Each structure stands twice: as C-alpha cells, then as structure tokens.
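Start counting the sequence shown at 1; every next residue gets the next number (my numbering).
Note that beta-carbon positions come from the ideal geometry of N, C-alpha and C, so glycine has one too.
Small disclaimer: the values here were computed from a predicted structure and weren't measured.
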Amino acid sequence: MLRPTLTRSLAKVARPTRLFSTTPRPLQSIPLSITGTGTGTQQHITIADKSYTISTDTYTTLGGQDSQPSPVSYSLASLSSCNQVTGNVVAKNHGIKLGKWHVTVDALLPTAVLVKGEQGNPNWESVKLKARVQTDIPEGEKGKEKFQFFVEEVERRCPITQLFKLSGVRFESEWVNEKLE
1 MLRPTLTRSL AKVARPTRLF STTPRPLQSI PLSITGTGTG TQQHITIADK SYTISTDTYT
61 TLGGQDSQPS PVSYSLASLS SCNQVTGNVV AKNHGIKLGK WHVTVDALLP TAVLVKGEQG
121 NPNWESVKLK ARVQTDIPEG EKGKEKFQFF VEEVERRCPI TQLFKLSGVR FESEWVNEKL
181 E
C-alpha cells in the first residue's frame, strides 16, 4: 500500500507547474466505427460522429448497377490517398516541403473464388502504385538518398500499404521525385 501512495506523491512533485508548449499530444490510436445498410449489392455507409457518408455498389457483371464505386475500387482509392496522407505526415516530421501529388494504382483481381466459388484466396493478385510527388528534395546523390528514405518511411508507416503488403499480394511501387513548383 505504501508504494502507490509514494508513487502518486512523487508524481505530484514531478509535475510541471507551467506548460511550455501548447502542442497537442499525438493520438495514440484513431477510433473508427462505421455502419453499413443496404439491399442487393448497394450499401450506404455512415461513419460515427462524422457528417459525411459513402456508398458502394458493384459491377453489373457481379449483379450490381455500377451506380457507385465498388468496395474493391475503394480499397485501391484508400491505398492511393493513404500514401498521400502518410507522405504529408512523414514530410512534416522530416522538414520536407511537398506540392502536388499524382498517384495511380493498377491492380489485378482474379474472380474465380469470388464469382465461381473456387477454392483459394480472393485477394488481389497484384497491385502497383505509381506516385509522382513534388518535393523540395534536391536532385543529386544526396537528394536521391533523402527521397528514398522518404518513400521507405511512407510505405513503412502507411496502414493501407502495410495491409496490402502483409496480405501476401504481389505489391510494387514506383516513386518519382518532381521539382516543387
């Protein structure tokens, strides 16, 4: 019983009386809760505590009306946009200025498991992300190293990139450093 009391007392003594920074503490985790409702192949998705929503459908060949992006399209859109968001976080952490992004994702989704019910993995067969990013990282050998570090950090820290990589999909990426305008 003495130890918790002592710990609490020491904590009170060690607390600063004046804050020197108003910077908020970084989030330890991001809670997210979504709810989907729908009929047939269409679903309307709401995000808890947010005013925006998304809707999904699928291709006519899968019985949908192709009236909204498909869930698999959203997965590729998530990969594209998550790299950009993560890139902005990494750039801020390392003092890199960024400009425009141009990201394309090409992927191949086999349908034998999904459509025909065959045994196997319905996952993407291959995914290739191509990113052109305007940065203030200079050309030359040092610049190449810094840009490569930036790319490696983005891919390491991006939750969606890691989701794809760890799922076993054949994942490739190609990054181009463009001059900041």
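**Request:** Have a look at D136 and S70 and give me their C-alpha separation to the nearest angstrom.
**Result:** Indexing the sequence shown from 1 puts residue 136 at position 136. Indexing the sequence shown from 1 puts residue 70 at position 70. Taking the Cα positions, D136 is about 36 Å away from S70.
**Spatially closest choice to S81 from V105, L62, G95, by CA coordinates** = Your numbering for residue 81 matches position 81 in the sequence shown. Proximity to S81 across V105, L62, G95 peaks at V105, based on C-alpha coordinates.
**Message:** So, does the segment 108-115 touch the segment 131-149, judging by three or more C-beta pairs under 8 Å?
**Reply:** Counting Cβ pairs under 8 Å, fewer than three are found: no touch.
**Message:** Pop quiz: V85 and L109 are said to be a contact at Cβ under 8 Å. What is the actual Cβ separation, rounded to whole angstroms?
**Reply:** Locating residue 85 in the sequence shown gives position 85, counting from the first residue. Locating residue 109 in the sequence shown gives position 109, counting from the first residue. In fact, because the Cβ distance is near 24 Å, the residues do not count as touching under 8 Å.
**Message:** By the three-class DSSP mapping on this structure, what secondary structure does K50 have?
**Reply:** Here residue 50 is taken as the residue at index 50 of the sequence shown, counted from 1. Note: K50 maps to coil in three-state DSSP.
**Asked** Among F171, N88, I96, which one has its Cα closest to the Cα of E125?
**Response** On the sequence shown, position 125 is the one that residue 125 refers to. It is F171 whose Cα lies nearest to the Cα of E125.
**Asked** Taking N83 as the reference, which of T58, H102, T56, G38 has the closest Cα?
**Response** For the purposes of this step, residue 83 is taken as the residue at position 83 of the sequence shown. Nearest option by C-alpha distance: H102.
**Message:** Between which residues of its own chain and L180 is the CB-CB distance below 8 Å, once the five residues before and five after are set aside?
**Reply:** Counted from its first residue, the sequence shown places residue 180 at position 180. Answer for L180: K97, L98, G99, Q134, T135, D136, listed in chain order.
**Request:** State the Cα-Cα distance for the pair S29 and L129, rounded to the nearest angstrom.
**Result:** For the purposes of this step, residue 29 is identified with residue 29 of the sequence shown, where counting begins at 1. For the purposes of this step, residue 129 is identified with residue 129 of the sequence shown, where counting begins at 1. So the two alpha carbons sit approximately 26 Å from each other.
**Prompt:** Short check: CB of D57 to CB of Q42, under 7 Å?
**Reply:** What you label residue 57 is simply residue 57 of the sequence shown in a count that begins at 1. What you label residue 42 is simply residue 42 of the sequence shown in a count that begins at 1. Yes.
**Message:** For E141 and P159, I'd like the C-alpha separation in whole angstroms.
**Reply:** Position 141 of the sequence shown holds residue 141. Position 159 of the sequence shown holds residue 159. Each residue's Cα considered, the two are about 29 Å apart.
**Prompt:** Hey, T39 and T46 are a contact pair by Cβ (cut 8 Å); roughly how many whole angstroms apart?
**Reply:** Within the sequence shown, residue 39 is the residue found at index 39, counting from 1. Within the sequence shown, residue 46 is the residue found at index 46, counting from 1. Separation of the CB atoms of T39 and T46 is rounded to 16 Å, and the pair is thereby denied contact status at 8 Å.
**Message:** Tell me which residue opens and which closes the alpha helix (DSSP H) that L129 is part of.
**Reply:** To locate residue 129, count along the sequence shown from 1; it is residue 129. Unbroken run through L129 is the beta strand (DSSP E), 126-135; no alpha helix (DSSP H).
**Message:** Below 8 Å on the Cβ atoms is my contact criterion, and I expect G95 with V154 to pass it. Report the Cβ-Cβ distance as a whole number of Å.
**Reply:** For this step, residue 95 is matched to residue 95 along the sequence shown. For this step, residue 154 is matched to residue 154 along the sequence shown. With a Cβ gap of about 15 Å, G95 and V154 do not count as contacting.
**Asked** Can the beta-carbon of R132 be found less than 7 Å from the beta-carbon of V90?
**Response** Here residue 132 refers to the residue found at position 132 when the sequence shown is read from its first residue. Here residue 90 refers to the residue found at position 90 when the sequence shown is read from its first residue. No, these two residues do not count as a Cβ contact at 7 Å.
**Item:** For S173, the nearest candidate out of Q119, K144, A107 (CA to CA)
**Value:** As a working mapping, residue 173 is identified with position 173 in the sequence shown. Cα-wise, what sits closest to S173 is A107.
**Item:** Residues that K170 bridges to, as DSSP identifies them
**Value:** In the sequence shown, residue 170 corresponds to position 170, counting from 1. Checking the sequence, you will find Arg at residue 170 rather than Lys. The beta-bridge partner set that DSSP reports for R170 consists of S126.
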